[in-house]
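Residue numbers (the UniProt record's numbering): 1 to 379.
Each residue gets a CB set at the ideal place from its N, CA and C atoms; glycine is no exception.
Take a look at the structure set out below.
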Ligand code: NAI
Ligand code: MG
């Protein structure tokens with residue numbers, strides 16, 4: 001048995017978030033059984049539109065104290081746009097977690113899985129396998145600015161980009177360390193220093209400076225416009241991409257485009273990470289609450305389940321530096337097994353098991369349970 005218990009706050013949210021979450025938890029429990037991890041789950045109904053309708057707020061007053069007691073937050077999806085405006089539901093909950101828990105890394109693996117049809121021609125599983133690292137707290141997404149002379153010919157709007165040395169360096173350090181642990185040891189930086197002539201040259205300067213600490217990592221940079229073209233035309237592991245790092249805005253775009261290049265949004269996971277471990281990190285599927293298919297039981301649970309193994313990869317990463325937690329939680333094996341289990345189930349390509357977004361006619365339950373029992377087979 002593991003020596004310590006990992007405490008996980010479960011927040012299903014709205015729509016398909018509530019449908020995929022049970023399978024995420026069951027698969028984690030299966031991994032815990034198979035690998036002797038000690039996990040403790042507690043479920044919360046806040047940060048959802050249902051909670052909002054009842055209380056007029058997305059979160060209870062004591063949300064921060066409540067969640068601070070957990071090691072990680074496992075989040076489904078939020079949003080009921082027909083009932084609550086999206087900016088209210090997103091800013092009132094999930095975005096507060098990201099900012100107030102200083103989850104300054106947004107980490108998204110882009111990996112072509114077996115059995116998933118790639119929207120790009122001629123790619124096989126294994127051909128695409130890289131990580132996007134996005135700055136998650138500053139940059140272009142600042143609230144500095146304003147609007148004056150509204151409704152007149154002189155109407156003027158300004159919004160400033162904020163880059164701090166602390167903010168830029170910490171995301172770069174994380175990306176370089178991730179690249180250093182990967183076999184190919186390659187980092188790509190997203191820039192636009194030809195057009196954005198103050199902040200982006202600064203970003204480039206910090207990349208150069210940080211690179212001098214990691215002489216074994218090969219570095220290149222591309223302007224964001226051609227970089228997006230490369231994602232589509234040559235995302236392959238043997239051509240360029242391994243770890244790609246970008247500012248808040250560029251990272252946002254790349255971290256949707258990357259997973260989109262590997263097939264359905266239904267399988268993509270995302271980590272919002274506070275690497276300092278001062279606050280809990282948050283793990284979620286990339287997709288939203290999908291009101292168009294909510295209630296039908298056909299949502300793909302893989303994004304939810306695989307974000308478990310992002311949890312595990314992340315723990316694994318910290319262990320790499322700190323050594324002890326790997327043995328502590330046995331996470332390295334559990335994460336690998338979970339990913340293998342998903343790959344095996346998808347590779348079988350059974351129409352009754354695969355959900356509609358992957359070309360099958362299976363249900364959330366059928367796919368979720370198939371993965372769960374595959375994980376248990378590692379016991
Ligand atoms: P969405 O990701 O919910 O849906 C986009 C499309 O992908 C839909 O056609 C949906 O059916 C499909 N899809 C998504 N996940 C799927 C899955 N697991 N299996 C099969 N098909 C899947 O994005 P959309 O429609 O832009 O937003 C809907 C709501 O979700 C909005 O309220 C939005 O604000 C919220 N949202 C929340 C996010 C979060 O909680 N992190 C992220 C993105 C959107
Ligand atoms: Mg986005």
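What is the residue span of the alpha helix (DSSP H) that residue i lies within?
i, result
"residue 248", "248–261"
"residue 364", "364–376"
"residue 118", "Taken as a continuous stretch (DSSP letters only), residue 118 belongs to no alpha helix (DSSP H), as it is neither H nor E."
"residue 283", "Unbroken run through residue 283 is the beta strand (DSSP E), 281–285; no alpha helix (DSSP H)."
"residue 224", "224–233"
"residue 66", "63–68"
For chain B, is any of its Cβ atoms less than 8 Å away from the one on residue i?
i, result
"residue 116", "As a matter of chain content, chain B is missing from the structure shown, which is built from one protein chain."
Rounded to the nearest angstrom, how far is the Cβ of residue i from that of residue j, given a contact under 8 Å?
i, j, result
"residue 299", "residue 19", "5 Å"
"residue 134", "residue 252", "6 Å"
"residue 70", "residue 334", "Going by Cβ atoms, the distance from residue 70 to residue 334 rounds to 19 Å, so no, they are not a contact pair."
"residue 77", "residue 17", "4 Å"
"residue 33", "residue 379", "6 Å"
"residue 21", "residue 289", "With a Cβ gap of about 11 Å, residue 21 and residue 289 do not count as contacting."
Residue i lies in the beta strand (DSSP E); which residues open and close that run?
i, result
"residue 35", "Run containing residue 35: none in the beta strand (DSSP E); it sits in the alpha helix (DSSP H), 16–35."
"residue 146", "145–148"
"residue 45", "It is not in any beta strand (DSSP E) - residue 45 carries neither H nor E in the DSSP assignment."
"residue 5", "5–13"
For residue i, count the other beta carbons within 10 Å of its own beta carbon; 16 or more makes it buried, fewer makes it exposed. Which is it?
i, result
"residue 108", "buried"
"residue 206", "buried"
"residue 178", "buried"
"residue 232", "exposed"
"residue 315", "Only weak support is given to the placement of residue 315: the predicted model assigns it a pLDDT of 48, under 50, and the value that follows is read from those uncertain coordinates. It counts as buried."
"residue 73", "buried"
"residue 190", "buried"
"residue 157", "exposed"
"residue 53", "exposed"
"residue 362", "buried"
"residue 284", "buried"
"residue 192", "buried"
"residue 295", "exposed"
"residue 197", "exposed"
Please report the distance separating the alpha-carbon of residue i from that of residue j.
i, j, result
"residue 369", "residue 88", "34 Å"
"residue 118", "residue 146", "42 Å"
"residue 44", "residue 59", "10 Å"
"residue 95", "residue 103", "10 Å"
"residue 377", "residue 347", "16 Å"
"residue 149", "residue 264", "44 Å"
"residue 5", "residue 239", "42 Å"
"residue 230", "residue 212", "26 Å"
"residue 222", "residue 61", "44 Å"
"residue 42", "residue 302", "21 Å"
"residue 279", "residue 339", "26 Å"
"residue 12", "residue 183", "36 Å"
"residue 259", "residue 57", "32 Å"
"residue 47", "residue 93", "5 Å"
"residue 129", "residue 55", "43 Å"
* To do: For the stretch 122–208, list the alpha helix (DSSP H) runs that are entirely contained and at least 4 residues long, ordered along the chain.
  => 165–181
* Which whole runs of the beta strand (DSSP E) in the stretch 77–117 are 3 residues long or more, in chain order? -> Taking only runs of at least 3 residues, the beta strand (DSSP E) segments lying wholly in the stretch 77–117 are 105–111.
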